[in-house]
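Q: All letters in the sequence shown, in the order written, are residues 1 to 257 by the working numbering.
Dropping the structure in here first, questions after.
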Amino acid sequence: MSGAVEPVIRVQGLHKRFGGNAVLRGVDLEVPQGQVLIVMGPSGSGKTTFIRCLNFLEMPDQGQVRVCGVELSPPRGALPDAAMRRQIRQIRLQTSMVFQSFNLFAHMSALDNVIEGLVSVQGWKRPAASERGMELLAKVGLADKARSLPGQLSGGQKQRVAIARALATGPKVILFDEPTSALDPELRDEVLRVMRALASEGMTMVVVTHEVRFAREVADRVIFMEQGVVQTDLPRDAFFGAQAGERVRQFLGAVSC
Ligand SMILES: Nc1ncnc2c1ncn2[C@@H]1O[C@H](COP(=O)(O)OP(=O)(O)OP(=O)(O)O)[C@@H](O)[C@H]1O
Ligand SMILES: [Mg+2]
1 MSGAVEPVIR VQGLHKRFGG NAVLRGVDLE VPQGQVLIVM GPSGSGKTTF
51 IRCLNFLEMP DQGQVRVCGV ELSPPRGALP DAAMRRQIRQ IRLQTSMVFQ
101 SFNLFAHMSA LDNVIEGLVS VQGWKRPAAS ERGMELLAKV GLADKARSLP
151 GQLSGGQKQR VAIARALATG PKVILFDEPT SALDPELRDE VLRVMRALAS
201 EGMTMVVVTH EVRFAREVAD RVIFMEQGVV QTDLPRDAFF GAQAGERVRQ
251 FLGAVSC
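In structure tokens form, the structure reads like this:
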């Protein structure tokens, strides 16, 4: 990959507070194209808030977020105006998110969940969208579940549908927020397998997870967040080696138990 390629994500001086609670206190980060960045850190350290700020599900209070060449510098406390809403829309077209709790529409089939964004946001005709949706369901190993409702699927299958949905709109980056932490251990591997395949295809991924084995295997780089700042930012091998320092080792010891 050429060094001249602009990073997919560039964040500078990102701050976010909820009332009196300063949750993000100056985050600076770049994610180059094709990188798998793992985000770790204790509960409440701001991981979810951080990735929600990357596609403006949360509005940052301060700082710059540049995603796929679209830059937003939100005015502190202001509601988004029309121009900003347009930019947010552009950013959301290039970023997809996979949530811990799947967030599928309960009354829609797996296939309809996958193609919903294509049809309602991108204006695809249903036959073409369905064809693409079936390809994606096949990619995540669920071609035979296209007509099933989410309630008829296991947690691991639901999350794989959610990943197929995230891929449908052709994003440049996928943001994952603890995609396996609501799953029983025996269902995690089927989701991690799909994520591993995406990583090996070169998808840019930001993954909040405590899956140490997955991170050791798939991450290019790992950051450790604590109290709203990036406390440690290292290439994978360094993060899991001696270089990361006592605090990270302590944390890894706790989550690996
Ligand atoms: N919408 C909100 N309104 C008010 N406070 C919030 C909101 N979202 C998050 N917070 C607070 O911000 C802090 C950081 O939360 P966040 O969810 O980003 O942490 P996290 O690192 O993802 O934690 P976890 O590992 O438990 O998911 C917490 O103190 C939380 O209570
Ligand atoms: Mg979280």
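Yeah, the Cβ is synthetic: ideal placement off N, Cα and C, and Gly gets one too.
Note that this is a predicted model, so its numbers are computed, not measured.
(1) By the DSSP assignment, the beta strand (DSSP E) with P235 in it spans what residues?
(2) Quick test of the definition: if touching needs 3 or more C-beta pairs under 8 Å, does the segment 113-132 touch the segment 55-73?
(3) Taking any heavy atom of ligand 1 as the mark, which residues have a C-beta closer than 6 Å to it, listed down the chain?
(4) Measuring CB to CB, does T180 end up less than 9 Å from Q159?
(5) Is there at least one non-hydrogen atom of ligand 2 closer than 8 Å to the beta-carbon of V208?
(6) How many angstroms separate the CA atom of Q90 from the CA atom of A138?
(7) Taking L54 as part of the alpha helix (DSSP H), name the residues at either end of that continuous run.
(8) Taking 8 Å as the cut-off, is the C-beta of E178 nearer than that to any heavy atom in ligand 2?
(9) I'd like the ranges of any beta strand (DSSP E) spanning at least 3 consecutive residues and lying wholly in the segment 90-156.
(10) Start and end of the alpha helix (DSSP H) containing D81?
(11) Out of E217, F214, L252, R213, which one is the CA nearest neighbour of V232?
(12) Would a C-beta distance cut-off of 9 Å place Q122 and L93 closer than the cut-off?
(13) Let's test the definition: count the other Cβ atoms within 10 Å of the Cβ of S2 and tell me whether it reaches 16, buried, or not, exposed.
(14) Can the beta-carbon of V212 be found less than 9 Å from the beta-carbon of A199?
(15) With 16 as the cutoff for other CB atoms within 10 Å, does G228 come out buried or exposed?
(16) For A271, count neighbouring C-beta atoms within 10 Å of its own C-beta (all shown protein chains included) and say buried if the count is 16 or more, exposed if not.
(17) Distance check for H15 and D61, CA to CA, integer angstroms please.
(18) I believe V208 touches I51 by the beta-carbon criterion, under 8 Å. Please report the beta-carbon distance rounded to the nearest angstrom.
(19) For R17, verify whether its CB is less than 8 Å away from any heavy atom of ligand 4.
(20) Nearest to I223 by CA position, among H107, V65, R249, is which residue?
(21) Give me the residue from A106, V161, D220 with the minimum Cα distance to V98.
(22) So which of H210, F176, M205, W124 has the shortest CA-CA distance to R169?
(23) Please name the residue or residues paired with K16 in a DSSP beta bridge.
(24) Please tell me whether G263 and G26 are closer than 9 Å, where the distance is taken between their beta carbons.
(25) Could you tell me the distance, in whole angstroms, from the CA atom of S256 to the CA atom of I38?
(26) According to DSSP, simplified to helix, strand and coil, what is F214?
A: To lay it out plainly:
(1) Numbered from its first residue, the sequence shown carries residue 235 at position 235. Counting along the chain, the beta strand (DSSP E) containing P235 begins and ends at 229-235.
(2) Contact between the segment 113-132 and the segment 55-73 is absent, because fewer than three Cβ pairs lie under 8 Å.
(3) Having a Cβ closer than 6 Å to some heavy atom of ligand 1 are F18, N21, V23, G41, S43, G44, S45, G46, K47, T48, T49.
(4) Within the sequence shown, the letter at position 180 stands for residue 180. Within the sequence shown, the letter at position 159 stands for residue 159. Yes, the Cβ-Cβ distance between T180 and Q159 is below 9 Å.
(5) Locating residue 208 in the sequence shown gives position 208, where the first residue counts as 1. Distances taken from the Cβ of V208 to the heavy atoms of ligand 2 include one shorter than 8 Å.
(6) Sequence index remark: in the sequence shown, residue 90 carries index 90 (1-based). Sequence index remark: in the sequence shown, residue 138 carries index 138 (1-based). Distance between the alpha carbons of Q90 and A138 is about 28 Å.
(7) Along the sequence shown, read from residue 1 onward, the residue named residue 54 stands at position 54. For L54, the enclosing alpha helix (DSSP H) stretches over residues 47-54.
(8) Along the sequence shown, one-based indexing puts residue 178 at 178. Yes, since a heavy atom of ligand 2 falls inside the 8 Å radius drawn around the Cβ of E178.
(9) Those beta strand (DSSP E) runs which fall completely within the segment 90-156 and span 3+ residues are 95-98.
(10) Looking up residue 81 in the sequence shown gives position 81. Going by DSSP, D81 is part of no alpha helix (DSSP H) at all; its letter is neither H nor E.
(11) On the sequence shown, residue 232 is found 232 positions in, with the first residue counted as 1. For the record, residue 232 in the displayed sequence is Thr; it is not Val. When C-alpha distances from T232 are compared across E217, F214, L252, R213, the shortest belongs to L252.
(12) Residue mapping note: residue 122 aligns to position 122 of the sequence shown, counting from 1. Residue mapping note: residue 93 aligns to position 93 of the sequence shown, counting from 1. Taking C-beta atoms as the reference points, Q122 and L93 count as a pair closer than 9 Å.
(13) Start at 1 with the first residue of the sequence shown, and residue 2 comes out as number 2. Any reading at S2 is ruled out, since the residue's pLDDT is 47, under 50, leaving its predicted position unreliable.
(14) Walking along the sequence shown from the start, residue 212 turns up at place 212. Walking along the sequence shown from the start, residue 199 turns up at place 199. For V212 and A199, no; Cβs fall outside 9 Å.
(15) If you number the sequence shown from 1, residue 228 lands on position 228. Taking all protein chains in view, the Cβ of G228 is crowded by 16 or more other Cβ atoms within 10 Å, so the residue is classified as buried.
(16) Residue 271 lies beyond the stretch modelled for the chain, which goes from 1 to 257, so this question has no answer here.
(17) For this step, residue 61 is matched to residue 61 along the sequence shown. For this step, residue 15 is matched to residue 15 along the sequence shown. Distance between D61 and H15, taken at the CA atoms: about 6 Å.
(18) For the purposes of this step, residue 208 is taken as the residue at position 208 of the sequence shown. For the purposes of this step, residue 51 is taken as the residue at position 51 of the sequence shown. The C-beta distance from V208 to I51 rounds to 6 Å, short enough to meet the 8 Å contact threshold.
(19) Questions concerning ligand 4 fall outside what the structure shown contains, since the ligands it does hold are ligand 1 and ligand 2.
(20) To locate residue 223, count along the sequence shown from 1; it is residue 223. The option with the nearest alpha carbon to I223 is R249.
(21) Taking the sequence shown and counting its residues from 1, one reaches residue 98 at position 98. Comparing Cα-Cα distances from V98 to each of A106, V161, D220, the minimum goes to V161.
(22) Here the question's residue 169 lines up with position 169 in the sequence shown. Note on identity: in this sequence residue 169 is Thr, with Arg being the wrong assignment. Of H210, F176, M205, W124, the residue nearest in Cα terms is W124.
(23) Residue numbering aside, residue 16 sits at position 16 when the sequence shown is read from its first letter. Paired residue(s): L24.
(24) In the structure displayed, the chain extends from 1 to 257; residue 263 sits before or after that span and is not available.
(25) Indexing the sequence shown from 1 puts residue 256 at position 256. Indexing the sequence shown from 1 puts residue 38 at position 38. CA-CA distance, S256 to I38, rounds to 15 Å.
(26) On the sequence shown, position 214 is the one that residue 214 refers to. Looking at F214 - three-state DSSP - the assignment turns out to be helix.
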